Each structure stands twice: as structure tokens, then as C-alpha cells.
Amino acid sequence: MSTIDYTKNEVNVHGNRSLKEIDDLIVAPLDRIPDKRFFIAIGFTSTLLLIGVIGVALSLYYGTGLWGNNNPVGWALPIVNFVFWVGIGHAGTLISAILFLLRQRWRNGIARFAEAMTIFAVITALIFPIIHTGRPWVAAVYLLPYPNQHDIWVNFNSPLLWDVFAVSTYFTVSLVFWYVGLIPDFAVLRDRATGKIKKVIYSIFSLGWRFSNRHWQHYEMTYLILAGLATPLVLSVHTIVSFDFAVSILPGWHTTIFPPYFVAGAIFSGFAMVQNSLIVIRKVFDMNDLIPLKTLETMNKIILLTGTMVGYAYSMEFFIAWYSGSQPEYFTFVNRAFGPYSWAYWTMFSCNVFIPQLFWFKKIRTSIIPMFIIAIFVNVGMWFERFVIVITSLSRDFLPSSWAYYRPTITDFAILLGSFGLFFTLTLLFTRFLPSIAIAEIKAVSEGAQPSHHGGEDHE
Amino acid sequence: MSNHEKKIEYTKKELPKGFLKYGLPLLLIGIISVVLAYQFDPMRASFNNIIALLVVVSVGMGAIFLVALEHIAGAVWSVPFRRIAEHQGFIFLATPLLAIPIIFNMHDIFEWTHNSVVLNDPILYQKSPYLNTEFFIARSVGVFVLMTFFLFVYLRNSTKQDTTHSQKTTKINALISAPFMVFFAIGITLIAIDYAMSLEPHWFSTIFGVYYFAGTFATAMAVLTLITLSLKSNGNLLKEINRNHYYSMGGLMFAFTAFWMYMAFSQYMLIWYANIPEETFWFLPRMENGWEYLSIALILIKFIIPFGLLLNRNSKMNPSRLKLASFWIIGAHIYDMYWLVMPSYNRMSGTEGPVFGWIELSFIALSAGIILVFYYLAARNKNHIPIGDPKLNRALDFHI
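Heads up: the protein sequence lines correspond to chains A and B, in order. Numbering-wise, the working numbering puts 214 at position 214 of the first sequence, and it's gapless, one number per residue. Numbering-wise, the working numbering puts 506 at position 46 of the second sequence, and it's gapless, one number per residue.
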């Protein structure tokens, strides 16, 4: 076990690189033609995407009869996938906004990438409500309220509509936040660019950034305010997603802990996804110094924390189901744990609560392969959590004569695979077109960048 | 980045006189008036006793949590205040004084202790494996013993480190804080369920423990801030402690004020929307006979006003504003506990509407007296700064 020296400040960036070397390292993947591994990877993910496109196209042509949905399980994989992907998005804003407000400097190395994943995850999630409208080409007309001569309005009482507002606001703010962070980096790219077209594009996006003191002052204030605005949004989005279920009276859906429990779960799965992707990125792009092991360890601690919070919520739900003395409520939870879907329940419970407990051990927390595997388990578990919530409560509702077992069909799985394909295709493209690490932010936490009382004495 | 050993100039100094000057009279008046209250109206007194207990648990147990939080998160900025939090945790030892009268008056407070009612009520009967006197007392004792154990471990380690300056102690503290967090989460949930939720034994809400925790965190932080400000102005702390540190305290109070609102909103909104009689009956008494004004005022008192007081960055750094906000947050927590508990008093006693009089004030006086005197007892003749903590130099060099 390594010993920590508590008298020393933590080092967030290793390697003691000069500013130019940092630029070179981060921009390198944009300049070179990608190698074979990249094409294999993007070939794989775009194949998945294609499978999903076929699934969606068939569904739109033949109808939702291709899906496993039945009566009473009217909500099934599409909403499971929607909630899963919206959840994945939460880590990005937590890292970029909340951890920024909490002055966690270790976040600087991973904020850009996590924020990008937020945007891609929300795009992926949005597919599902858009398919849900049945005519995706007029989805905007169905989803947004606008005055019309038929006086037909969206249902303002429905949390599904609040989702539209919450998710689109979240997406917009995340995108603006991401872009504001990118402006100084676009300027770096502009100054380095050799080709004419590149130069023009980067010049447009960098908005005339000249690294002047005044620019930085405005930038810092904008960033701070956007972080402040994004913070309640992180909480509100999954709160409203949880309302989709919790405002109903269905046992297993209606429980007051749902909002914070969903938010904790979302951050949990989002961190697992970001951790997985970062492990690949830092290896492939040789960025181990910029995203040190310490950062991954801290992320694992947050995974452990949020996993345990989720465990608290599971236990509390179970306890209150018994304590309430409400028979349907108690039945639902016993049915989850020991009914026909017990396999899903225990998959969820072990992946989300038991397996992350391994992160108590520093050895596991700091070894790449175990942490990678645990984070995969976390994402499997979080997908199953939504599956358990949606399916078990519906498949055995108040009327035993209408109980039915739900089985996803091959089309359901095709769309699920497609969502992964879309997400990872976008992520891969991102690593080629934009700097995966915020150049300006990483410089701010690299060695020697911090103000010192000792007149810039040499530190090691 | 200044990692160079800097000499910390710390001289021990007497605590500010206020702790005893206000603490002792408040404690005496509190004890006398509480005894009178129990003679005069035992039922009302025992419900007020619950409020006092919940507030003192928030201050004391919340402080132990703050200590553990610093250890487990590896926080640096809060190191100069950790000793204050440890001494504040000592206030938790006063909780049996407040819990024992409740346990002797359980029949007046908890409907589920009435055997005849429980036997004729299938739901209460079904809950009786949890809601029964013996298990209730066992849970309270269990939480008290565990928390006290951790408190003494933290106090001992911390005091020892003053002379040893050992890094190992910091590491051990971090290690034991991990199981502490688990016990704390269970403990605070049990206290919330037992002493507040079970007042209406038919009612249930999964968020209730978190709701109480949100108020607890803000209150413990507010008391910590007040003690810090008073010690600082008396010269008990180090001169390096500055507005950047205050900012963090204000920030946390602000965050947990918002967090409380989030919990309260989640609970209310979901119950209101689903509109199931099994749940709504808890809110109904809070919406009639004058309680409706108190319910609306709760939003203002516990969320909007402290939120406004602390929103601005400068106000988080301004000691006099912080002092106001801290007092406000403590008062708001008392108000919240009153709102949580007293409608059940109406039901049990057959009265209508909120009551407020000398009985309520006497328990507030008692709680304030306990907080001041127990802090004095814990902190007198002690160092108020963990001078041996290896992170102290970094913490003093803290800038936002």
C-alpha cells in the first residue's frame, strides 16, 4: 500500500511538461491520421448503430408489434433505455459543474471528455421519446406546446412533458457550457492550424479569442455562472425522470425517495461509463500523465459512494414496503426479489450494491483491469435497475388475471444495441475532431501553475 | 503549493465568556421550566421534548458526521475547524438527558404503545415487530453507543496527534470513517423514523431519513460556524483563518438549504400528486386550523430566506452575514421540527391548531443551554485547533 504524505498538496498532473508540450500531446490525435485500431473500433460501433437503425426502421414500418410490450407491460425497453442513457449523461455535468463549484481540481483533466459524453448520452436518450411519438419527423410538433387553431395542447399535468422541458434545457445548457469551455482550446487549434480551411473553421469557433487578460476574466465569470446554472439542472433532470414513475400510484413506482435515488443512480452509472472510456482514452492517446491513476481512484470512490446510496434506497424501499403495512406495496417488493424476475433483481442488486463494495480496497481501486470490470458491472446493474423498476411493477399489477410475463424481442435488443452504437460512434468521432482534454484547464492545474507565496520557488 | 514547514503560532486561550454566561442561566431556566412543564402538561411537554431531542441530535450527531466527512473525503480546508466539530460532537452525549423523559412518557406520545389500539388495528399490529417499546429503546441505545464510541475515538486520536504529529493517525481516521458512514446513515434514519415518523404510525415515506439528514447537516454546520466566529473574534483560533474558509462554511450551509428544499419538495410533490389517502393524511392536518400558514411559512423560513441570505459570494464571506444566516438556519430547523412533530400533539391531545407558549420556549432554552454548556465542558482547557494535523499548513494556505 502506498503511503500518502498529508502535508503535500496532491498532484493532479504528472510529467512536468511545458505548456507547449501539453498542447502537442492533447492535440496530437487531431493532427495524425488514425491508425488501424480506430477504424476497427468505429467499424464495430457503426455496425451496432446500423443494427439499431434497422430496428427502428422496421418498428416504424411494421409498428410496435415487433416489440415485446404486452398488456399489462405497456412501458418496456424503450423507456428503460431512455432512463439509462439520460442517467449516463449525469456524470458529465456533475464533473464539469458541481465538482467545479466544489473546487475539485482533479476534475480538470476529465471534465471535457465527461461533458462530451453527457451530450452524446442525451442525444442517444432523446431517440426513444422521439420514436415514441410514432412519427419522428413531426416529433417537435407533438412534444412542444404551441398555440394552434384546434386548441390541442400537450398534457401539462404529465411528467413526460416536463421531461421534454427538463431534458432539452439540460441539453442546451450542457452544450453551451461545453462550448464555452472549448473556446480557448479552439483558439489554440486555430493558432496551430496549417491548412486554410481548418484555420477558418477554428477561427469562427474561437470567437476571436486572443488569450488576453480581459478575455480570461470574462471567461471565468461565464464559466462560473454556467456551472451554477447547470448544477440544479443535474438534479432536476433525473428528478423529473423519476417523476415519470413516482407520481403514479403503482406500487414500486410511487415512493418518495425516488428523486434523490434516481439522481444518485444516474451519477453512479455515468461515472462508471466515463471511467471506462477514460481508461481506453488515456491508454490509446498516451495521456496517463494528464489523467493520473489518482483521478481514476477518486472516480472509483464516487462510484462506491453513489452505489452505496443506491443500496440505501433499495433497503429503504424494501423496509418501508413492509413497514407501510400496504399489501400491494409489500407484494411488489417480495415479487421483485423472489418472483419471476428475481434473476433481474439480483443481477441489479449484486452489480450495483455488492460488487462496487470491492472499491473499499485500495488495491482494487487503483488497478486498471479490476476497476474497468467493476464499472462494466455497474452499468449492467444500472440498466437492470430500470428494467426491474419498469417491468416488475407492470407485469404483476393490481389484477392477477391480467398478469403477464414480458420478454424483449430481437427488435428491442437491436434498438438497445443501436443506442450503444450511436453513443460510442459519436464518442469516437469526438476524440478525432476536438481535444479530449481541456487544454486551458489542464494547464491551470499542472505543476508550477498555482500561485505561491514563495515567489515562484522551485518545487521539486 | 507551499509545502514548506511553516511554524504555526498557536497559544491556548480561555473560551469566550459567553458560553457559560448565557449557557448556565439558559440551562437552569430550561431545567426548571421543563420540570414545571412536565408537571403542568406532561403530554405537551413530551412532544416538545421530542423537538428538543431532534434538534440536539442534529447539532451533536451532525458534528460527528462533519468530522468523519473530513476524514473520509480527505478534505483540507476544514482542518482548522475539525477540533471545534469534535467538541461540538460532545453535545451528542447530552441526548440521553432528553431521551429518558420521552421513554418514560412514551404512552403519551406514541399511539403504537397503546396495546388495545394495536391489537384492533391490523396495520399497526403488522408493524409491531418494529414498533414496540423494547426494540425502540434498543435502537436508541444502539445508535447512542455506536456514535459515542466513534466520537471518543476521534477525540482521542485527534488530541494525541496534537503532540505526536503522526501521519498515521490521519490515515487511521480515514479508515474508521468508512464504517462510521454506514452506521451514521442507518442511525440517523432510525432516529428520524422512530422519533418523528412513528408519531403518525400509519404514515410512511421512504425519503424521511434523508429529509431529517438534510436539516441536520445544515444545522450542525450553522452551529459550527457560530462557534468558529465567536472563537475567532475572541482570538482562540489562528490568524490565518480567513474569508476563504468562511466561504466554504457558507457554501455548505447554502447547499444543504437547497438540498433540504429538494427533499421536502420531493416528499410533498409525490404524495400530493399520487393523492393516496394512506399518505396524504399526514399533510392534511398541516393544511387546516392555522397550520396552513405555518406550512407556507416553512418554505419561506427554511428555504427562501436562508437561500437569499447566502446566495451571494460576498455574503458567504462576510462574518456578520454568516452569523445571521447561521442563527436563522438553526431557528428554521427548530421550526421545521415543530412543524413535523406538533400536529401529532393536536391529534393525541384533541387540541386544534398550532400551540405556542412558555412550554415550547422552555425546551428551546434547555436545548440552547445544553449546547452551550456541553460545548464548554468539552472544549475548556483544550486546544481549539488540531495543531498536530499534517494537513493543517495546507489548510491555512487555502484560497478559493
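Heads up, the beta-carbon is just placed ideally off N, CA and C, and yes, glycines get one too. Bear in mind that the values here come from a model prediction, so they are computed numbers and not experimental data.
Chain-order list of residues whose beta-carbon lies under 7 angstroms from that of residue i (same chain, five-residue window excluded)
i                     : result
residue 8 (chain A)   : none
residue 236 (chain A) : 166
residue 525 (chain A) : Here chain A has residues from 1 to 460 only, and residue 525 (chain A) is not among them.
residue 824 (chain B) : 794
residue 356 (chain A) : 303, 304, 307, 374, 378
residue 309 (chain A) : 264
residue 723 (chain B) : 667, 670, 671, 674
Option in the options with minimal Cα separation from residue i
i                     : options                    : result
residue 523 (chain B) : B:512, B:638, B:542        : B:542
residue 749 (chain B) : B:721, B:815, B:774, B:644 : B:815
residue 573 (chain B) : B:558, B:589, B:559        : B:589
residue 13 (chain A)  : A:106, A:66, A:209, A:111  : A:106
residue 187 (chain A) : A:277, A:125, A:216, A:169 : A:216
residue 304 (chain A) : A:274, A:374, A:315, A:252 : A:374
residue 557 (chain B) : B:487, B:525, B:591        : B:487
residue 342 (chain A) : A:97, A:313, A:389         : A:389
residue 292 (chain A) : A:368, A:268, A:321        : A:368
residue 127 (chain A) : A:416, A:430, A:431        : A:416
residue 418 (chain A) : A:49, A:206, A:145         : A:49
residue 499 (chain B) : B:565, B:781, B:832        : B:565
residue 35 (chain A)  : A:432, A:441, A:413        : A:432
Own chain residues within Cβ distance below 6 angstroms of residue i, not counting five before or after
i                     : result
residue 130 (chain A) : 136, 139
residue 694 (chain B) : 476
residue 318 (chain A) : 333
residue 242 (chain A) : 258, 259, 262
residue 202 (chain A) : 186, 189, 190, 193
Cβ-Cβ distance between residue i and residue j below 7 angstroms
i                     : j                     : result
residue 346 (chain A) : residue 84 (chain A)  : no
residue 254 (chain A) : residue 734 (chain B) : yes
residue 517 (chain B) : residue 651 (chain B) : yes
residue 6 (chain A)   : residue 850 (chain B) : yes
residue 836 (chain B) : residue 480 (chain B) : yes
residue 370 (chain A) : residue 244 (chain A) : no
residue 89 (chain A)  : residue 118 (chain A) : yes
residue 550 (chain B) : residue 838 (chain B) : yes
Where residue i falls: helix, strand or coil (DSSP)
i                     : result
residue 700 (chain B) : coil
residue 588 (chain B) : coil
residue 842 (chain B) : coil
residue 287 (chain A) : coil
residue 625 (chain B) : coil
residue 206 (chain A) : helix
residue 472 (chain B) : coil
residue 73 (chain A)  : coil
residue 456 (chain A) : Below a pLDDT of 50, predicted positions are generally treated as unreliable, and residue 456 (chain A), at 43, falls in that range; no measurement from the model is reported.
residue 692 (chain B) : helix
residue 135 (chain A) : coil
residue 792 (chain B) : helix
residue 536 (chain B) : coil
residue 163 (chain A) : helix
residue 437 (chain A) : coil
Nearest-angstrom Cα separation, counted from residue j out to residue i
i                     : j                     : result
residue 122 (chain A) : residue 767 (chain B) : 30 angstroms
residue 530 (chain A) : residue 250 (chain A) : Any question about residue 530 (chain A) goes unanswered here, given that chain A covers just 1 to 460.
residue 25 (chain A)  : residue 287 (chain A) : 8 angstroms
residue 627 (chain B) : residue 709 (chain B) : 26 angstroms
residue 615 (chain B) : residue 301 (chain A) : 26 angstroms
residue 562 (chain B) : residue 492 (chain B) : 17 angstroms
residue 461 (chain B) : residue 859 (chain B) : Interpretation of residue 461 (chain B) is limited by its pLDDT of 41, a score under 50 that renders its predicted location unreliable; the figure taken from the coordinates is listed afterwards. Going from the Cα of residue 461 (chain B) to the Cα of residue 859 (chain B) covers about 11 angstroms.
residue 133 (chain A) : residue 142 (chain A) : 7 angstroms
residue 554 (chain B) : residue 509 (chain B) : 13 angstroms
residue 76 (chain A)  : residue 69 (chain A)  : 6 angstroms
residue 656 (chain B) : residue 586 (chain B) : 19 angstroms
residue 578 (chain B) : residue 504 (chain B) : 23 angstroms
residue 92 (chain A)  : residue 169 (chain A) : 15 angstroms
residue 27 (chain A)  : residue 20 (chain A)  : 10 angstroms
residue 840 (chain B) : residue 114 (chain A) : 49 angstroms
residue 637 (chain B) : residue 718 (chain B) : 26 angstroms
Same chain, Cβ closer than 8 angstroms to residue i, neighbours up to 5 away in sequence not counted
i                     : result
residue 684 (chain B) : 523, 526, 541, 544, 545, 548, 709
residue 324 (chain A) : 330
C-beta neighbour in chain D for residue i, strict 7 angstroms
i                     : result
residue 247 (chain A) : Absent here is chain D; the protein component of the structure consists of chains A and B.
Any non-hydrogen atom of the ligand PLP closer than 6 angstroms to residue i Cβ
i                     : result
residue 306 (chain A) : The ligand PLP is not among the ligands present in this structure, which contains no ligands whatsoever.
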